[in-house]
Amino acid sequence: MCGWPVCSGNCPGLKDPRHHAGECEILSLRPECELNNMADYYRHDALLPLRCVMLQKTDPEGWNKLMEMQSHIECRMPGTEAYEEANEFIVKYLINNFFSKLDKKSGKLQEVTPELIHRICGIIDTNALEIRLPQGTELFALYVNTCIMEHSCTPNTKHTFTVTSKDRNELYKITAKAVVPILKDSHISTMYSHALWGTQARRQHLKDAKYFACKCPRCSDPTELGTYLSAMKCLGDGTNLCGGTHLPEDPLDDETDWACDKCSVKVNNIQVNMLISQMGEEVEDVLMMGASIKVLENLINKLSMFLHPNHYHMYSLKHSLVQLYGREPGYTSMEILDKKIKMCRDLVGITKTLDPGNARLSLYNSVLQHELHTALVMKSLLINEDPKEKKIEIIKPLLTEAKLAIEDALQSLKDDIDEDSGKKLFSVIGNSKDKFDQYCNQIEIVI
1 MCGWPVCSGN CPGLKDPRHH AGECEILSLR PECELNNMAD YYRHDALLPL RCVMLQKTDP
61 EGWNKLMEMQ SHIECRMPGT EAYEEANEFI VKYLINNFFS KLDKKSGKLQ EVTPELIHRI
121 CGIIDTNALE IRLPQGTELF ALYVNTCIME HSCTPNTKHT FTVTSKDRNE LYKITAKAVV
181 PILKDSHIST MYSHALWGTQ ARRQHLKDAK YFACKCPRCS DPTELGTYLS AMKCLGDGTN
241 LCGGTHLPED PLDDETDWAC DKCSVKVNNI QVNMLISQMG EEVEDVLMMG ASIKVLENLI
301 NKLSMFLHPN HYHMYSLKHS LVQLYGREPG YTSMEILDKK IKMCRDLVGI TKTLDPGNAR
361 LSLYNSVLQH ELHTALVMKS LLINEDPKEK KIEIIKPLLT EAKLAIEDAL QSLKDDIDED
421 SGKKLFSVIG NSKDKFDQYC NQIEIVI
């Protein structure tokens, strides 16, 4: 046995050379030593590179396919952050502790060089996909065909994984499905960045992690498909506010100036990045602490002096705020519900524009549609309590919209119910749907 925490004489992987059995022999080569740091001794991030190296013997065909994958090794030369990190934590670890001792077990692998492991690290960083297990654990895996799909910030596919199966060979099987109609000769695309980041943040992440500069339709559009997700308010010339919006003159140029769409004022990119970075830290701190309604409102009001109402920092804050409105004591009035309804509608509009097929933002959309549904139902209840209101004429349109919202919330989750977060959300929304149907029957309104 290799002595790793998950291995024992009863380890199911030992019965199958395609799983833990092969690597167990190699991991057992490490000499016993005083254990000072679990993370340094048991480097789980080195297991995938090790398994890739072992394909030379266990699966020659798979090895050849692996070697055909893009590694961007030319961008990972000595001196780069990617090289130094891989060298320190993966390459040296594997060679010094295991591969250098392979002569004691001849024939297990072909010669393993630092250059080969660096190439494999590049292949993994460029092509690996993240798998989230139901309990929240994250895995990374390589898929030969899926990795050739091109990137787009408005992807037309969604991929899911089989994470529960009695057949080990079916585990982690990937399924890619079209989420919007794909016309003949159109490109099939996925997304390797975060859909709710602004253009500059997405493009920088893709350059750092995937070594390419995205030029998709969303990145090429200063307004990001009309959502204004990166837009800032123009502060004028210091004497007058024009009410305009600052947008990048050329969003594909990292050094571009930001120009107002109403006046002649321009701001250089360094100033914009500095301001957005500072605001991002403040937003992250507030969201991490589980802020109250008042704290969220105050920060939204503060940032609204500089940011477009749809800016991605504002989106994050508002997405949290709508989940508190209508639930916290003192925030259930008609005025607050109307504010919540408008905020939900606005956020749903942005979400649907950026991800019409729920390829990446299904959970965000479901939460928003559920909150919209809840606010509309609560508003109808308040109206129903007012003897002066002509109830049917006012309530029925609200409940019609509420029904559409909760149906969309459930539909958005159809591919996410195998994940723990999706399953829990689906259950919560399903309960709300049952209560809604009972309420409509009770007040004798047919929707």
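If you read the sequence shown in the UniProt record's numbering, its first letter stands for residue 1, the second for the next number, and so on.
Cβ coordinates follow ideal geometry from the N, Cα and C atoms, glycine included.
Cβ neighbour criterion (16 or more within 10 Å) applied to residue i
i	result
Ala213	exposed
Lys104	Confidence at Lys104 is low in this model, with a pLDDT of 48, below 50, so its placement is unreliable and the value that follows should be read with caution. Counting Cβ neighbours within 10 Å, Lys104 comes out exposed, since fewer than 16 surround it.
Met289	exposed
Ala86	buried
Glu371	buried
Thr199	buried
Val377	buried
Glu23	buried
Thr113	exposed
Val446	exposed
Asn441	exposed
Gln135	exposed
Met274	exposed
Gly326	buried
His313	buried
Pro155	buried
Lys318	buried
Gln56	buried
Lys233	buried
Ala178	exposed
Asp408	buried
Coil, strand or helix - residue i by DSSP
i	result
Lys339	helix
Lys233	strand
residue 462	As displayed, the chain neither begins before 1 nor continues past 447, which places residue 462 out of reach and without an answer.
Glu61	helix
Ser186	coil
Lys158	strand
His151	strand
Val53	helix
Ser28	coil
Tyr192	coil
Thr146	helix
Ser320	helix
Ile350	helix
Residue i - containing alpha helix (DSSP H), residue span
i	result
Ala141	Counting along the chain, Ala141 falls outside any alpha helix (DSSP H), though it belongs to the beta strand (DSSP E) covering Glu138 to Ala141.
Lys101	No alpha helix (DSSP H) holds Lys101; DSSP gives it neither H nor E.
Thr374	Ser362 to Glu385
Phe426	Asp420 to Gln442
His205	Thr199 to Lys210
Gln411	Lys391 to Ser412
Ser220	Pro217 to Ser220
Residue range of the beta strand (DSSP E) that includes residue i
i	result
Lys177	Ile174 to Ala178
Arg132	Leu129 to Arg132
Distance cut-off 6 angstroms: residue i Cβ against heavy atoms of the ligand SAH
i	result
Glu328	Only the bare structure without any ligand can be found here, which leaves the ligand SAH out of the picture.
For residue j and residue i, the rounded distance between their alpha carbons
i	j	result
Lys294	Tyr331	11 angstroms
Asp420	Ala176	20 angstroms
Pro49	Thr126	13 angstroms
Lys340	Cys263	33 angstroms
Gly430	Lys352	21 angstroms
Phe436	Val428	12 angstroms
Tyr93	Arg76	18 angstroms
Thr160	Asp415	7 angstroms
Ile131	Lys173	10 angstroms
Ser193	Asn240	38 angstroms
Ile383	Asn268	51 angstroms
Phe426	Lys403	15 angstroms
Ile417	Lys423	4 angstroms
Val163	Leu139	11 angstroms
Pro356	Thr223	17 angstroms
Ser27	Trp63	According to the sequence provided, residue 27 is Leu. The question's Ser does not apply to it. Near 20 angstroms, if we compare the C-alpha coordinates of Trp63 and Leu27.
Ser412	Asn365	7 angstroms
Glu115	Asp59	21 angstroms
Leu299	Ile336	18 angstroms
Glu150	Pro181	17 angstroms
Ser432	Ser380	15 angstroms
Met343	Lys210	35 angstroms
Trp258	Leu287	28 angstroms
Gln438	Thr374	14 angstroms
Asp45	Thr245	45 angstroms
Tyr228	Asp185	30 angstroms
Leu102	Asp208	35 angstroms
Glu74	Thr137	32 angstroms
Asn358	Leu347	14 angstroms
Ser218	Glu88	For clarity, residue 218 is Arg in the given sequence; the question names Ser instead. Their Cα atoms are separated by approximately 37 angstroms.
Cys121	Leu47	11 angstroms
Closer than 7 angstroms to chain C by CB, residue i
i	result
Leu235	In the structure shown, chain C cannot be found, because there is only a single protein chain.
**OP:** Only counting runs of 3 or more residues, tell me where the beta strand (DSSP E) segments fall wholly within the stretch 244-316, in order along the chain.
**Re:** Segments of the beta strand (DSSP E) lying fully in the stretch 244-316: 245-248 and 258-260.
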